[in-house]
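Oh and the sequence shown: position 44 is 27 in our numbering, straight run, nothing missing.
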Amino acid sequence: MDCECLGGCPFFHDRMANKPALANLMKKQYCQGDATDCARHRIFETLGKDAVPSDLFPNQVERADQIIAAG
Ligand code: SF4
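Put into structure tokens, the structure is as follows:
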């Protein structure tokens, strides 16, 4: 299932400064797979869109959890 953020997500649209080598794989895994595992989506859901760092990649869940814990 496509992520609800897909339309405006800078990661999905390759608008982030550094594109990881596995970006296309991540898109399949998270954006068009299970977005509940995505670091960006986790912050979007808990703290809102504006709290998502511009350089956070979907697999940086540990960093996302730290940001969420800090509120
Ligand atoms: S799964 Fe994550 S990276 Fe993909 S569109 Fe949703 S918020 Fe963006």
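C-beta atoms are modelled at their ideal positions from N, C-alpha and C, and glycine is treated no differently.
Note that the structure is predicted; figures quoted are calculated from it, not measured.
Under the 10 Å beta carbon count, His24 is surrounded by 16 or more other beta carbons and is classified as buried. At least one heavy atom of the ligand SF4 is found less than 8 Å from the C-beta of Ala18. For the options Asp48, Ala4, Gly16, Asp33, the alpha carbon positioned closest to that of Ala22 is the one of Asp48. Assignment of Lys2 by DSSP, reduced to helix, strand and coil, places it in the coil class.
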